[in-house]
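So the protein sequences, as listed, match chains A and B. Letter 113 of the first sequence, counting from 1, is numbered 413 in this note's numbering, and no numbers are missing. Letter 183 of the second sequence, counting from 1, is numbered 483 in this note's numbering, and no numbers are missing.
2 protein chains.
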Amino acid sequence: MDSLLGIGLVSRRTGLTQHVIRIWERRYGAVKPDRTATKRRRYSVGDLERLNLLSLLTRSGHGIGSVAGMPTASLRELVGGLSGKAAPAPASPVETKLVESFIEECVAAIRSFDGGRLQAALRHLETRLGAHGSLQRGVAPLVCIVGELWRMGDVTVAHEHFASVEIRRFLSSATRSYAQGESAPLLLVATPAGQLHELGALLASSAAGNMGWRVVHLGVGLPAAEIAGAAVQSRARAVALSLVHPEDDPALGPELLKLRELLPGEIPIIIGGRAVRGYRDTVRRIKAIHLEDLGRFCATLDKLRTLRPAGKGC
Amino acid sequence: MDSLLGIGLVSRRTGLTQHVIRIWERRYGAVKPDRTATKRRRYSVGDLERLNLLSLLTRSGHGIGSVAGMPTASLRELVGGLSGKAAPAPASPVETKLVESFIEECVAAIRSFDGGRLQAALRHLETRLGAHGSLQRGVAPLVCIVGELWRMGDVTVAHEHFASVEIRRFLSSATRSYAQGESAPLLLVATPAGQLHELGALLASSAAGNMGWRVVHLGVGLPAAEIAGAAVQSRARAVALSLVHPEDDPALGPELLKLRELLPGEIPIIIGGRAVRGYRDTVRRIKAIHLEDLGRFCATLDKLRTLRPAGKGC
DNA sequence: CATTCTTTGACAATCTATTGACGATTCTGA
DNA sequence: TCAGAATCGTCAATAGATTGTCAAAGAATG
């Protein structure tokens, strides 16, 4: 077994303290790293994955003592099914087929304004791919496709709104990870003034909730001053914005600048959504973190949680 | 059996207090979790489902004592057949006190962006007043008050948006629509172009869902043509509009006229919300049914369902 | 030599179990 | 209609378990 990672590295990559890693080993035998001749721990990539899984599970409410002893495969299953993210994206042919038929079914349901059918499809996918997998590989693509259909005039505004409402109903009821306690970092999610499409923001909120963040979701079309005020008052660790529809709103650039100005410097701004391209310069100017897909968004959240409080330079 | 969920986790996922979970176990044997060597409860996913079902059932009026002993399959069945119907309307002094403290608690939660606290208050009220009663006598007033606070500048736009999102999350999870088959009448709910406040519409949708209507909720800010198109396509029996904020939008009058024109004559338009007064003439002109409060809205729905067997066979 | 790592014991904060009691509501039978 | 009984959620207090964090001292690394 190639065990070559030092504890410092593992600590940084998992977001766990070195202390915690050692304690988990000593008390629960969570991992059993090799040792060098001089007793230093050497972790394998398998250990790394294991620790990442355990980190996710403890964050979403499991006691470490009850999961530390399980085989890695079971951990993966628990993570996929109950709350966390499914880091590996295997994209097997079976799965792509599943997702394809899912999308097809959803679009048909939307076209006929059949809410029950849409909810059924969403639930079905969730049982197959888990909370996070269904978001990343099912709902997110669906949202894009609906947007596309609308832009091409293939479905009406009413269809698009209807889909938004139903998808958001699903997301609301699927995301239950409330009450993470005061200690969990807080993400503020919103859409700046002029941006009225809410699904991107909702996806972000759900994903963040699944990953153990507390989330304050402010919805759609908020002026910069409001966002900044709320962020300060709720002591958010980061602010996430979603830009989807108008790609050329001249008022949005100044709005973003103002937000950066009003927001304390240590609170990063994360921006995602297909319309970002229209405001690229501004986004760069305010040093926002630009993320195109949900997977990267999750990875960034993980990094932010561990890097920020320690004050470690990024 | 794989029993690995701690009571804390189960509590968060079911919305039940740890205390309640334990009491249900002790008094009614609702679940029989395994124990660790140190007597801690370990729940299986089956237990989790069971508790979720029981939570739903008690919230909609069943006594815990009468359902706690039933096999899980029967619980599922019972939940499937749920369709609101609770809490007539006693309006006792005890209740007004309850509602008052509820509102107070909610406003405090909103001011501090505390979603968990807000959800807890909402749930609590629901257990006391039932699905229907809590809507009519708790949530509806709350919505009005939040709107009032916002208009007076007493809370910011961010607070108002935040409240909208959380209340709508509650409504989404509380409303058990889709239980009805093809035969149930269908109500289309929306907000016309220019009207961007969605809570009124959402309340209407929930109430209608509770009363056994199928609901197509189109959300906020839709042009007349879109509403009419969707109504025709989904074969709605009625269209409900909510008017809340701009009371003097000159574009809204023509929009309403256009809607009446595009809509088949046998489909009535129901209009509610505090901004209706600003458009009184138009509302009268299009022969819309104007309803000021949720109670009358429900009554009207009942009448429409029975009086309007327009297409008796379908 | 500064930094990183290991081990150990101790500590504090949080979570959990159990018990008994309390108060509000609802049910029941006269 | 009314008193008593039953139902049901909540609370408080104590004891014990679980889990993250810390400090100190020595060893290894580069």
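C-beta: ideal position from N, C-alpha, C; glycine also.
In this structure the segment 531-547 of chain B touches the segment 562-581 of chain B; the number of beta carbon pairs closer than 8 Å is three or more. Ranked by Cα distance from E592/A, the options F413/A, R428/A, L503/A and A463/A are led by L503/A. Less than 8 Å separates the beta-carbon of V520/B from that of E498/B.
Per the coordinates, the alpha-carbon of I589/B lies some 9 Å from the alpha-carbon of T600/B.
When CB distances to chain B are screened at a threshold of 8 Å, not a single residue of the segment 433-450 of chain A falls below it.
For L559/A against A528/A, the beta-carbon gap comes to about 6 Å, under 8 Å, which counts as contact. In the three-state reduction of the DSSP assignment, G416/A falls in the helix class.
DSSP places L435/B outside any beta strand (DSSP E), giving it a letter other than H or E. In the DSSP assignment, L488/A forms a beta bridge with V516/A and V539/A. For the pair of segments examined, the segment 404-414 of chain A was found not to touch the segment 356-375 of chain A: the number of CB pairs separated by less than 8 Å stays below three. A501/A and T338/A have their C-alpha atoms some 50 Å from each other. Residues are counted here when their Cβ sits less than 8 Å from a Cβ of chain A; for the segment 527-546 of chain B these are I527, G529, A530, Q533 and S534, given in chain order. Per the coordinates, the alpha-carbon of E466/B lies some 25 Å from the alpha-carbon of L604/A. Interface residue (Cβ-Cβ distance to chain B less than 8 Å): L562/A is not classified as such.
Non-local beta-carbon contacts of R313/A in its own chain, meaning distances under 7 Å to residues more than five positions away in sequence, involve L348 in chain order. By the criterion of a C-beta distance shorter than 6 Å, I364/A is surrounded in its chain by T358, once the five residues flanking it on both sides are discounted.
For the pair F413/A and A530/B, the CB atoms are nearer than the 8 Å cut-off. Of the candidates G438/B, G346/B, E460/B and L522/B, the residue whose Cα lies closest to the Cα of V446/B is E460/B. With distances taken between CA atoms, F597/A lies nearest to I571/A out of I571/A, V455/A, L556/A and T582/A. Contact annotation: L486/B and S534/B have beta-carbon atoms nearer than 8 Å. In this structure, P492/A and E547/A do not form a Cβ contact; the two beta carbons are roughly 13 Å apart against a cut-off of 8 Å. Residue pairing by DSSP places L305/A opposite Y343/A in a beta bridge. Contact residues of the segment 331-358 of chain A toward chain B are absent (C-beta to C-beta distance below 8 Å). Rounded to whole angstroms, S505/B and L304/A show a C-alpha spacing of 59 Å.
By the neighbour-count criterion, in which 16 or more other beta carbons inside 10 Å mark a residue as buried, V439/B falls on the buried side. Residue pairing by DSSP places H461/A opposite no residue, since no beta bridge is assigned to it. Within chain A, the residues whose beta carbon sits less than 7 Å from that of H461/B are L518, G519 and L522, listed in sequence order. About 5 Å separates the Cβ atoms of V457/A and E526/B, confirming a contact at the 8 Å cut-off.
One thing to note: V331/A has its Cβ no nearer than 8 Å to the Cβ of L353/A. Assignment of beta-bridge partners to G572/A by DSSP yields S542/A and L591/A.
Within the segment 311-323 of chain B, the residues whose Cβ lies closer than 7 Å to any Cβ of chain A are, in chain order, R312 and R313.
Taking CB atoms only, V583/B has no neighbour in chain A less than 8 Å away.
Contact check for L488/A against L522/A fails: the beta carbons are separated by 8 Å or more.
Listed along the chain, the chain A residues whose CB falls inside 8 Å of the CB of G306/B are G361, H362, G363 and S366.
Not one beta carbon of chain B lies nearer than 8 Å to the beta carbon of T372/A.
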